Amino acid sequence: MNAAFLVFFVVGTIAVASSILVVAMRNPVHSALFLLLTFLCVAILFVVKDAEFVAAVQVLVYAGGIMVLFLFVVMLINVRHLPDDRTLSRFWKGGVGVGLAIFLLLATVVRTGTYHDQNPNKKLLRSTASHRVRKVTNPDGSVTRKRVVRHRTVGNSEAVGMALYQDYLVPFEVASLFLLVAMIGAIVIGKRELSAPEEETSPDFILKRMETEKDVKEAMSA
Amino acid sequence: MTWNDVVFLLPEIIISIGASLLLLAPVVGWRQRETSAKWSMLILLGITALTVIGCSYWVQEIPQSRSLAGMFALDGFAIFFKLIFITAIAMITLLSDDFLRESRYSVWEYYSLLGFALCGMMFMVSGMSLISIYIGLELMSLSSYILAGFFKNEEKSTEAAMKYFVLGAVSSGILLYGISLIYGVCGSLNLLDIGRALSTIITNDALMFGVMLLGAGLCFKMAAVPFHVWTPDVYEGAPTPITAFLSTASKAAAFSIFARIFYLALHDFQLDWSNVLATISALSMVLGNLAAITQDNVKRMLAYSSIAHAGYALLGIISLNSLGLRGVLIYSLVYVFANLGIWATVLMLRRHEYGGERVDDFEGLSRRAPFWAFAMVIFLLSLGGIPPTAGFIGKYFLFAAAIQAGFGWLAILAVLMSAVSMFYYLRLVVAMYLREGREADVAITRPLQIVAATCLIITLLLGIYPTPLINQATESSRWIGARAAIIPHAGR
Amino acid sequence: MIPTHWFLILSAILFAIGVCGVLTRKNGITIFMSIELMVNAVNLTFLAYARQFHQIHGLIFVFFVMAIAAAEAAVGLAIFISLFHHRATIDVDEANLMRW
């Protein structure tokens with residue numbers, strides 16, 4: 061039992077426990093905080109698997125970005141005080157059953173460990189994960205292009221960076237389109253018009269709004 | 275990335291730059307200029323279509339890019355589908371024109387999102403690696419979620435977006451888990467490498483489960499039965515042009531990617547999944563068609579009908595022969611145009627944002643707009659697969675492929691269910707021709723006329739003289755067919 | 523070195539918990555958090571396999587999954603806010619304007 065095992069067990073247990081709490085907590089703010097804990101645990105597990113850069117990104121993107129977004133929205137829409145009988149959907153027993161079934165299936169499936177190992181090369185196994193692919197052109201009279209694959213031991217960040225900006229350049233650019241689309245979407249859908257449209261100034265709308273606010277207040281005091 | 279690779283991706287590059295430029299138009303004070311938005315979008319689509327055709331001549335010999343980890347291919351299959359997508363998006367642009375003009379939502383963002391969705395579909399259909407396919411799929415889905423909820427002041431639209439988003443996100447999680455298991459077994463994300471790996475290793479549980487999860491995720495995107503719950507609600511709630519987008523372009527994209535993955539990567543894994551997919555296909559056809567009968571809302575009826583059509587398209591994927599692959603190509607094209615024609619007619623009946631939706635609204639259309647009522651009949655016949663229309667050709671190929679592959683029972687079921695589907699299609703025809711019309715007026719505008727007329731011409735022309743389409747489909751499916759080692763005219 | 527399948531089992535547990543959450547909860551935001559759990563489980567699987575094969579591809583996929591999760595979060599939460607403006611609730615069971 062070395063340190064890595066210990067870390068795996070402790071962090072893994074915390075991750076499982078906190079993810080159960082994410083699902084079980086009644087208050088979305090608590091759920092979000094436990095989700096944050098789960099993300100951090102997963103980041104530690106990434107480090108255990110020698111993927112430091114991914115771990116750093118996990119902390120930055122999930123813990124830093126997504127969680128803040130979650131908490132912001134949870135605070136913005138006041139759903140913290142829902143009556144108790146309304147947290148679980150009608151089918152919760154079935155849901156738990158399906159979850160258990162999926163776990164059993166996945167566990168039996170992955171436990172058998174039948175992977176198709178492409179590189180049973182011991183030397184490669186001992187080297188760090190980072191191999192680096194370089195394209196070398198051989199202009200020996202002809203214009204034959206030869207692809208020379210070179211394995212080199214570099215840091216995790218460098219390996220990821222090289223792969224990301226060489227082979228995966230196009231998906232990387234598409235990911236930027238993705239963020240652009242998300243930005244447009246969040247603004248288009250989430251934005252409320254600064255000049256309130258007609259219906260928001262109509263008496264019916266305001267009455268309805270006040271009624272819902274009263275309901276929420278009642279729910280809070282209950 | 276070399277200049278050679280740029281050729282592979284030139285259409286996508288153009289559409290993404292163009293869609294980004296559309297966003298800048300309000301900055302220069304063009305926010306209110308709806309007509310310029312429409313024309314900019316159409317010009318952009320035109321340039322993209324020309325680029326696709328140009329690039330197809332450039333890369334004829336080696337359709338797969340060498341660098342970029344072989345992640346993209348511009349084979350005939352991809353080009354065929356890209357042209358379908360571009361045409362469909364152009365028609366949806368025309369359908370959206372008046373619809374947007376009456377609302378106070380920003381048109382530029384709308385068209386830009388359509389452009390990004392198109393970009394995602396184009397990336398996806400030329401993807402040769404599960405990474406590029408996944409990213410394209412998500413770009414398309416994300417844009418669709420936003421577009422479904424674009425009319426945010428309509429409660430229905432927002433609710434549709436919410437349902438679509440929640441179920442879509444769950445399904446993409448499932449899809450991802452499937453991809454990760456397949457990666458774990460095959461050690462690669464490239465479709466051809468997966469195909470090679472699968473031909474050497476014995477089927478195991480992890481692989482089986484991975485393929486099932488991947489299939490489940492893809493079935494969600496094409497709305498096949500156990501994963502169809504979102505379809506009627508999202509189709510009903512989304513703005514009608516976006517419903518048209520979801521039921522045509524987005525659906526054809528799902529067909530294409532299903533076919534590409536299963537033909538290229540999983541062809542050696544056939545026996546294990548084909549029975550499960552056959553069940554899904556049978557369920558989709560039965561449930562989709564039977565549920566459509568009871569619907570009074572045209573959008574919901576077409577949603578259930580599109581579930582049934584997902585079942586038909588699956589026939590071409592399960593059969594895994596060259597007939598089936600051609601069938602998927604032909605059927606997608608035929609289905610897209612018949613459906614777009616129907617949506618154009620539905621939009622003609624619109625009186626306010628959610629009008630033209632009920633079967634009652636069609637009453638007496640033959641008197642109010644005889645020509646378009648006739649066009650509607652043709653489109654419905656085409657969806658039902660009745661001979662003089664193009665729908666017959668598509669269904670013929672799919673059913674023949676299923677019989678050739680030994681799924682005779684499924685083909686018989688499909689024919690029976692097509693007959694059932696004629697029942698609810700004819701309900702609309704009866705409403706149009708035999709019922710008294712009400713005073714409701716129709717808004718037959720120029721863009722809607724163009725779309726309906728184009729679809730009518732395509733549907734009739736390809737129904738009467740299908741040879742060019744069949745030849746084109748044969749040509750387009752050649753590269754994938756060769757990779758998948760399909761033996762023509764021999765059941766596997 | 524920790525065996526790969528331990529990671530896979532941990533990831534299966536997280537995925538199953540995520541699925542449970544999606545199926546049992548009514549609050550839209552909690553459902554979305556459960557989806558994030560599922561996605562994290564997938565990331566763990568990819569990483570474990572990437573180490574197993576000594577390939578960088580699995581790691582790269584984790585990157586894209588993260589980028590996409592971030593984008594989805596932004597859009598999804600915007601949709602929930604918009605729904606809240608209409609309804610003053612984000613219970614998915616209450617979203618019954620149309621039949622499910």
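First to last, the protein sequences are chains A, B and C. So the mapping is simple: my numbering equals the position in the first sequence, first residue as 1, plus 60. So the mapping is simple: my numbering equals the position in the second sequence, first residue as 1, plus 274. So the mapping is simple: my numbering equals the position in the third sequence, first residue as 1, plus 522. For every residue, glycine included, the Cβ atom is placed at its ideal position computed from N, Cα and C. Owing to the predicted nature of the structure, the values given are computational and were not obtained by experimental measurement.
#### Entry: Three-state secondary structure assigned by DSSP to asparagine 571 of chain B
strand
### Query
Could you check where the alpha helix (DSSP H) with isoleucine 677 of chain B kicks off and where it finishes?
664-678
### Query
Between which two residues does the alpha helix (DSSP H) harbouring alanine 539 of chain B extend?
Element bounds for alanine 539 of chain B: n/a, residue is neither H nor E.
#### Entry: the segment 628-643 of chain B touching the segment 680-689 of chain B, judged by at least three CB pairs closer than 8 Å
no
### Query
Using a C-beta to C-beta distance shorter than 7 Å, which residues of chain C count as neighbours of serine 217 of chain A?
By Cβ distance, chain C contributes nothing, its closest Cβ being about 11 Å from serine 217 of chain A, past 7 Å.
### Task
Within the same chain, show all residues whose beta-carbon is closer than 6 Å to that of glycine 737 of chain B, passing over the 5 residues directly before and after it, in chain order.
Pro662, Thr663, Ala664
### Query
Counting pairs of beta carbons, one from the segment 598-610 of chain B and one from the segment 352-364 of chain B, are three or more of them closer than 8 Å?
yes
### Three-state class that DSSP yields for serine 403 of chain B in the structure shown
strand
### Task
Compare the beta carbon distance of glutamate 558 of chain C and alanine 591 of chain C with 8 Å and say whether it is the shorter of the two.
yes
#### Entry: Alpha-carbon to alpha-carbon, valine 485 of chain B and tyrosine 408 of chain B
15 Å
#### Entry: Below-8 Å beta-carbon distance, valine 564 of chain C vs any chain A residue
no
### Task
Mind the definition here: the segment 484-502 of chain B touches the segment 452-461 of chain B only if three or more C-beta pairs lie below 8 Å; say whether that holds.
yes
### Task
Go ahead and label asparagine 562 of chain C buried or exposed: buried means 16 or more other beta carbons lie within 10 angstroms of its beta carbon, across all protein chains shown.
buried
### Message
Tell me whether the segment 440-450 of chain B and the segment 410-424 of chain B touch, counting them as touching only if at least three CB pairs, one residue from each stretch, are closer than 8 Å.
### Response
yes
### Query
How is alanine 533 of chain B classed by DSSP in three states: helix, strand or coil?
helix
### Task
In angstroms with no decimal places, state the Cα-to-Cα distance between methionine 650 of chain B and glutamate 286 of chain B.
34 Å
### Query
When the distance is taken between beta carbons, is isoleucine 591 of chain B closer than 8 Å to alanine 527 of chain B?
no
### Message
My parser needs the alpha helix (DSSP H) runs of 4 or more residues fully inside the segment 387-450 of chain B; what are they?
### Response
404-422
### Task
Spell out whether any CB of chain A is found under 8 Å from the CB atom of isoleucine 539 of chain C.
yes
### Task
Note down the Cα distance separating alanine 612 of chain B from methionine 696 of chain B, rounded to an integer number of angstroms.
14 Å
### Task
Provide the residue(s) that pair with phenylalanine 346 of chain B in DSSP beta bridges, ordered along the chain.
B:Gly401
### Query
What are the boundary residues of the alpha helix (DSSP H) that includes leucine 229 of chain A?
229-250
### Message
My output table needs one value for arginine 307 of chain B: the three-state DSSP class, helix, strand or coil.
### Response
coil
### Query
Alpha carbon to alpha carbon, what distance is there between threonine 73 of chain A and threonine 367 of chain B?
52 Å
### Query
Whose Cβ in chain B lies nearer than 9 Å to the Cβ of aspartate 110 of chain A?
Neighbours of aspartate 110 of chain A on chain B: none; closest Cβ ~18 Å, over 9 Å.
### Query
Should the segment 465-472 of chain B be regarded as contacting the segment 535-544 of chain B, the criterion being three or more beta carbon pairs within less than 8 Å?
yes
#### Entry: Between the CA atoms of glycine 221 of chain A and leucine 120 of chain A - distance to the nearest angstrom
17 Å
### Query
Just the Cα atoms here: how many angstroms apart are aspartate 362 of chain B and leucine 387 of chain B?
As written in the sequence, residue 362 of chain B is alanine, which differs from the aspartate given in the question. Roughly 15 Å between the two C-alpha positions.
### Query
Within 10 angstroms of its Cβ, does arginine 207 of chain A collect 16 or more other Cβ (buried), or is it exposed?
The predicted position of arginine 207 of chain A is uncertain, since its pLDDT is 49 and thus under 50; no value can be drawn from it.
### Query
Which chain C residues are close to glycine 250 of chain A, counting only those with a beta carbon under 7 Å from its beta carbon?
Ala600, Ile603, Ser604
### Query
What is the rounded straight-line gap between the Cα of threonine 188 of chain A and the Cα of leucine 97 of chain A?
In this predicted model, threonine 188 of chain A has a pLDDT of only 39, less than 50, meaning its place in the structure is not dependable; the value taken from the coordinates is given anyway. C-alpha separation (whole angstroms): 29 Å.
### Query
Run through DSSP, which three-state label would arginine 641 of chain B get?
helix
### Message
Are the CB atoms of proline 721 of chain B and leucine 369 of chain B within a distance shorter than 8 Å?
### Response
yes
### Query
Between the segment 276-283 of chain B and the segment 272-279 of chain A, do three or more beta carbon pairs fall short of 8 Å?
no
### Query
By the criterion of Cβ-Cβ separation under 7 Å, what are the contact partners of alanine 242 of chain A in chain B?
Leu416
### Task
Label valine 704 of chain B either buried or exposed according to how many other C-beta atoms from any shown protein chain fall within 10 Å of its C-beta, with 16 as the threshold for buried.
exposed
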